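The sequence shown begins at 1 in our numbering and counts up one residue at a time.
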Amino acid sequence: LYYLKVNKKILSPTTISRALAGYSDVSSKTRCRVQDAAKKHNYHPNPVAQRLQKGKTETIGVALSASQNYFKDTFFLDLLAGISVSLSKVGYDLNISVAPNSEHEIDSLRRMVQGKRVDGIILTLTKAVDERISYLLDQNFPFVLYGRTEEPRPHAFLD
């Protein structure tokens, strides 16, 4: 829907976008007509464009290492499923990035952060001195830890 004719009046893409988003500066009559036209033409907003405009991916990332055998642990699989279900209830997805080994896990993490692929990270199996935590703190990137080290930490964690 690039342009739409309503009552002999051509509406701009901005007006169409604002009508579909429900902005109050578009009359209810125009909004209904735009929504009807969108439905008639089976139009759906591009989610990539919406995320770009919002500056959010609506995705949370988990960086794992294949060498840790996470996927053989049924508890961990249930945990991931629970996280995914909870995220989907608030319109978010879960992105799982699996590195070939723990040495490359930081690379997966960097790709997610620098590529702006996720809005936050869940870290597992943290160490007392963990380069992943240092990296995320340096980047001022939101994260939460699953599990904890034996020493108290100033980071949020779930155990």
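Ideal Cβ placement from N, Cα and C applies to all residues, glycine included. None of the values given here were measured: they were computed from a predicted structure.
Here ASP93 is bridged, per DSSP, to THR59. The continuous beta strand (DSSP E) containing THR124 extends over residues 120-124.
Taking the C-beta atoms as reference points, ILE121 is found nearer than 9 Å to VAL113. Per the C-alpha coordinates, the member of ILE16, LEU20, THR124 and ASN46 positioned closest to ILE106 is THR124. Our two residues, VAL98 and ALA63, have alpha carbons roughly 6 Å apart in a direct line. Taking a contact as a CB-CB distance under 8 Å, the pair ASN101 and SER67 counts as one, their CB atoms being some 5 Å apart. Counted as a single uninterrupted DSSP element, the beta strand (DSSP E) harbouring VAL144 occupies residues 143-146. The DSSP assignment places complete alpha helix (DSSP H) segments of no fewer than 4 residues inside the segment 7-44 at 13-21 and 28-40, in order along the chain. DSSP places ALA66 in the helix class (H, G or I) of the three-state scheme.
Counting only the Cα atoms, ILE83 lies some 20 Å from LYS116.
A residue is called buried when at least 16 other Cβ atoms come within 10 angstroms of its Cβ; TYR23 does not meet this threshold and is exposed. For ALA99, DSSP records a beta bridge to SER65. Taking the Cα positions, LYS39 is about 22 Å away from ARG51.
Counting only the Cα atoms, ASP73 lies some 17 Å from THR126.
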